[in-house]
Each structure stands twice: as C-alpha cells, then as structure tokens.
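> Quick note on the numbering used here: the sequence shown kicks off at 140 and runs consecutively.
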Amino acid sequence: MLAIKVSNLSKTFKIPHEKVTSLRSAAISAFKKKSYEEFKALDNISFEVKKGEFFGIVGRNGSGKSTLLKILAGIYQPDQGKIEINGRISPFLELGIGFNPELSGRDNIYLNATVLGLSKKEIDQKFESIVKFSELERFIDQKLKNYSSGMQVRLAFSVSIHANRDILLMDEVLAVGDSNFQAKCIEEFNKYKDLGRTVIIVTHDVSVVERYCDRAMLLRNGKVKKIGKAEEVVNAYIYDNMSDEEKRLLEEEREKTARAEKELKKMKGKQLEEKKKRTKVAEITKVEFLDKDGKVKNVFQTGDDMSIRVYFRKNQNVKKLNFGIAIFNQQGHYAFGVNTFGDKIEIEKFGNFDFFQINYKNIPLRGDRYYISSALYGESVQKAYDYNPKLKFFMVVSNDKNFGMINIQHNWF
Numbered sequence: 140m141l142a143i144k145v146s147n148l149s150k151t152f153k154i155p156h157e158k159v160t161s162l163r164s165a166a167i168s169a170f171k172k173k174s175y176e177e178f179k180a181l182d183n184i185s186f187e188v189k190k191g192e193f194f195g196i197v198g199r200n201g202s203g204k205s206t207l208l209k210i211l212a213g214i215y216q217p218d219q220g221k222i223e224i225n226g227r228i229s230p231f232l233e234l235g236i237g238f239n240p241e242l243s244g245r246d247n248i249y250l251n252a253t254v255l256g257l258s259k260k261e262i263d264q265k266f267e268s269i270v271k272f273s274e275l276e277r278f279i280d281q282k283l284k285n286y287s288s289g290m291q292v293r294l295a296f297s298v299s300i301h302a303n304r305d306i307l308l309m310d311e312v313l314a315v316g317d318s319n320f321q322a323k324c325i326e327e328f329n330k331y332k333d334l335g336r337t338v339i340i341v342t343h344d345v346s347v348v349e350r351y352c353d354r355a356m357l358l359r360n361g362k363v364k365k366i367g368k369a370e371e372v373v374n375a376y377i378y379d380n381m382s383d384e385e386k387r388l389l390e391e392e393r394e395k396t397a398r399a400e401k402e403l404k405k406m407k408g409k410q411l412e413e414k415k416k417r418t419k420v421a422e423i424t425k426v427e428f429l430d431k432d433g434k435v436k437n438v439f440q441t442g443d444d445m446s447i448r449v450y451f452r453k454n455q456n457v458k459k460l461n462f463g464i465a466i467f468n469q470q471g472h473y474a475f476g477v478n479t480f481g482d483k484i485e486i487e488k489f490g491n492f493d494f495f496q497i498n499y500k501n502i503p504l505r506g507d508r509y510y511i512s513s514a515l516y517g518e519s520v521q522k523a524y525d526y527n528p529k530l531k532f533f534m535v536v537s538n539d540k541n542f543g544m545i546n547i548q549h550n551w552f
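Structure representation (structure tokens):
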C-alpha cells in the first residue's frame, strides 16, 4: 500500500526584478508595472512512497528538495499536479517553522504539537517526555529566541517524534546539533524502521541515505533525474557533483574494469568456477555490535567500549577455527585488523559456541561511518572458509575538532 503518491507536481515562484529600498522608490513602484522573473522550483515530478518505506531525497542546493517537503507538509500549494497521502504527517522542516520566537519553549511545545494535531490532553501526557528527550529542562521557560540553533532543533525534533504520526518528513535533521543529539536521532530512526513507519529524508549526507533508506530520488533543477535503490541514487548524486576531471578519471577506471572483466570471462569454465566458488566448510551467518552492557546498537561515541559478535555455522566437522576481523572507514581506509591466529587464541577452549566476540576498550575512532570485514579460517590461515567484505556498518559520533581517523589522548605542557 502507498503512503504517498505524487503525480505531475509543479511549483513556480515569482521573483521581482526590482527591490524597494526607500519610501520614494515604494511610491514610484506603486504606479509602475511590476516585472517578475519566474523560477520553476518543481517541474512535473512524479513518484511514489510505500508504507513503511524510508525514502531519501538528494540533490544540489536549489534542486527543489525543501520546496517538495513543504508542499507535502501543506505549507505551500502546488501550481499543478496531484498529491495522495494515506496517513497523518509530522513534518520536521527548517528551523522556525511552526514556532514563535517570542514564546517560551514550554508554550512552543503546546503551539507546535497543536499544529500537528495533538489535543491539549495528549500534549499534557507527553510533555515531560518531550522535554526530557530534548534535554532542555533548565531552559524550557526561556523564550525561544534565546535558544541556540541546536537547542531549537532538539525541541522541534522531540515534538515531531512524540506526535506519533504515520509519516515523518525530515529536512536535514542531522545537519545541526551535537553528537549526542545525532545519536538520539539515529536511535529514533531505528525505532521507526522497527515500527514500520514511513519516513522521507532530505539530506546532503549520503551516508544517512545509504544506511537508512530503502529507495531514494535525485532531483536536479526541479526535475526527477533518478529514482531507485538508495545506493544507486547516491552514486548518481555523487557523480552529479563531480568535476569534469573527476568524471574523466572515473570513466577511465570503469573502462579498465570492463577490460579486466572481459579478460576474466576468457578463463576456462572450470578455472572460473573454482575461483568464484567459496569453500563452505563453515560460514558466517550474522554480526552484531554491542555496547558495554551487552545491548545491541549501531551508534557509538569516541571512547565507548564496543564489542563485535560474529555468528557462524559449521557445515562439516572442523576441529579448529580461526577468525579475523578488520575495520575500515566509509572511504575504505584501513583502521585496524586482528585475528585469533596472530593473537594465539584457541577458540575451542572457550566452549561450544556458535559465535566469536572481540571486545574493544575505549574505541579511539573519530566521528565517521565504518564497516567491518570478517573472515573464517581453518587451522591454517592460508585459505578462508568464508570471507565477507563490508559485512556490516556502524557509526561513531564525536564532538572533537581534531583531524585523522583516530583520536589519540593527549595534553599540552
């Protein structure tokens, strides 16, 4: 079933050529014929979002992303086209929308939640939870105009998620706010996914689209350039933002890859099958990231304890197994790797488990998206029973302003 269906949607803004800068010019302009320039923010776009789907929207500044969300939220009216929405919407758009800077945080909660359709009784019941999530207990009775942008985001996001609507519209939710807030947002995304809610995300952060979105749409100059799997759309967006020289180098690499694949196909069938075939004496089945309390999670902070648990299955009787695990950042740079053979760890001495676990103390990784690769070997590490590159992703958030991949504890004299 569809949550949203948009058909042939267009929106044009009129931009006046002349700026009124004084009372005299205002009086003169009142008798002159006004001239405008038309800016087509959205040009005949159509797309569908299924119920329970996470749908990303990417594109350069001015491509029409925010205009589209405002139309879906009912803030703007389209010039033409049709929108079908099945469910109640909770918008989290740019700062200031639905809030009054002259009112306190407390009053703004009631104002914004009422706009989202909550009754006073519902707001009363959720009020303490909204304030607690936003971490603004000390400032809730101060005027909103005295809040920092990060504080305003925390308040707006907290109200938005507590509205408990079927469809959540998010515009650059992770662009403002500290690492603690970003981690909370990510945890809420995970909850929304588990509950089967529909979320539409507008962002420049392609890692958010890759990680959370099932599908995505690329806009360019108000038109739909591509709709498809999140990874495919992200690649198209990245390509869209490349310089001509970067595109030329990429095409050269693609040609080299195509030639290599052509040569590979010339190999004898038997050799090719042996090369492709993986020895499934034992295989990796699942991976989990755990915090210091053993709770499964995917978002950590620099300095947290983290464990990686990898489940496996023996398909044949194997006396001895060795495991290897490596961590890379999202650019593919090697951060750290270790294996039981090198550490002289005999897994069998720990008992008859169907998983192995490595525990990291005070992870020094800086804020970024990381993935792990894992391999499963026999007694000799010369041949892998199973190897999984990019097995699973996790995220580290950090407030530090240093550079590099790791945060080494230091001080100055």
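All C-beta atoms, glycine included, are put in the ideal place defined by N, C-alpha and C.
#1: Whose CA, out of 262, 264, 258 and 295, lies closest to the CA of residue 275?
#2: To the nearest angstrom, how far is the alpha carbon of residue 360 from that of residue 201?
#3: Start and end of the alpha helix (DSSP H) containing residue 289?
#4: Once the 5 residues before and after residue 252 are set aside, which same chain residues still bring their CB inside 7 Å of it?
#5: Could you name the residues that DSSP lists as bridge partners for residue 356?
#6: Measure the Cβ-Cβ separation of residue 290 and residue 272 and say whether it is below 9 Å.
#7: Report all residues from its chain with a CB closer than 8 Å to the CB of residue 175; omit the five preceding and five following residues, and keep chain order.
#8: Please classify residue 335 as buried or exposed, where buried requires at least 16 neighbouring CB atoms within 10 angstroms.
#9: Can you check whether the CB of residue 352 is closer than 9 Å to the CB of residue 194?
#10: Thinking C-beta only, is residue 512 closer than 9 Å to residue 464?
#11: Take the Cβ of residue 310 as the centre, count every other Cβ of all protein chains shown within 10 Å, and call the residue buried at 16 or more, exposed below.
#12: Taking Cβ to Cβ, would you say residue 306 is nearer than 9 Å to residue 345?
#13: Confirm, please, whether the CB-CB distance from residue 348 to residue 197 is below 9 Å.
#14: Return the first residue and the last residue of the beta strand (DSSP E) that residue 151 is part of.
#15: Apart from the five residues on each side of it in sequence, which residues of its chain come closer than 7 Å, Cβ to Cβ, to residue 215?
#16: Bridge partners of residue 222, per DSSP?
#17: Can you give me the Cβ contacts of residue 143 inside the same chain, cut-off strictly under 6 Å, excluding the 5 residues immediately before and after it?
#18: Could I get the ranges of all uninterrupted beta strand (DSSP E) runs contained in the segment 209-284, with 3 residues as the minimum, in chain order?
#19: When we look at the beta-carbon of residue 407 and count the other beta-carbons within 10 Å, is it buried (16 or more) or exposed?
#20: Starting from the C-beta of residue 186, find all residues in its chain whose C-beta is less than 7 Å away, skip the five residues before and the five after it, and write them out in chain order.
#21: With respect to the alpha helix (DSSP H) encompassing residue 311, which residues constitute its N-terminal and C-terminal limits?
#22: Using three-state DSSP, classify residue 543 as helix, strand or coil.
#23: In its own chain, which residues sit with a C-beta less than 8 Å from the C-beta of residue 454, not counting the 5 before and 5 after it?
#24: Buried or exposed: residue 492, going by 16 or more other Cβ atoms within 10 Å of its Cβ?
#25: Compute the Euclidean distance between the alpha carbons of residue 319 and residue 506, then round it to the nearest angstrom.
#26: Among the residues of its own chain, which have a CB less than 6 Å from the CB of residue 371, if the five just before and after it don't count?
#27: Where residue 437 and residue 178 are concerned, what is the direct C-alpha to C-alpha distance, given to the nearest angstrom?
#28: Measure the Cβ-Cβ separation of residue 84 and residue 213 and say whether it is below 9 Å.
#29: Mind reading off the beta-carbon distance from residue 282 to residue 243? Whole number of angstroms is fine, and I expect it under 8 Å.
#30: Under the rule that 16 or more other beta-carbon atoms within 10 Å means buried, what is residue 528, buried or exposed?
On the basis of the coordinates in this document:
#1: 295
#2: 7 Å
#3: For residue 289, the enclosing alpha helix (DSSP H) stretches over residues 288-301.
#4: 262, 298 and 302
#5: 196 and 366
#6: no
#7: 153, 154, 155 and 156
#8: With fewer than 16 Cβ atoms within 10 Å of its Cβ, residue 335 is classed as exposed.
#9: yes
#10: yes
#11: buried
#12: no
#13: yes
#14: 141-155
#15: 150, 206 and 209
#16: 145
#17: 188 and 224
#18: With a minimum length of 3 residues, the continuous beta strand (DSSP E) runs that stay inside the segment 209-284 are 219-224 and 228-231.
#19: With a pLDDT of only 46 at residue 407, under 50, the local geometry of the prediction cannot be trusted, and the value read off the model is given with reservation. Its Cβ having fewer than 16 others within 10 Å, residue 407 is exposed.
#20: 145, 356, 363 and 366
#21: Note, residue 311: premise wrong, no alpha helix (DSSP H); not H, not E.
#22: Three-state result, residue 543: coil.
#23: 419, 420, 421 and 422
#24: exposed
#25: 12 Å
#26: none
#27: 42 Å
#28: The chain is shown from 140 up to 552; residue 84 falls before or after that span and cannot be answered.
#29: 6 Å
#30: exposed
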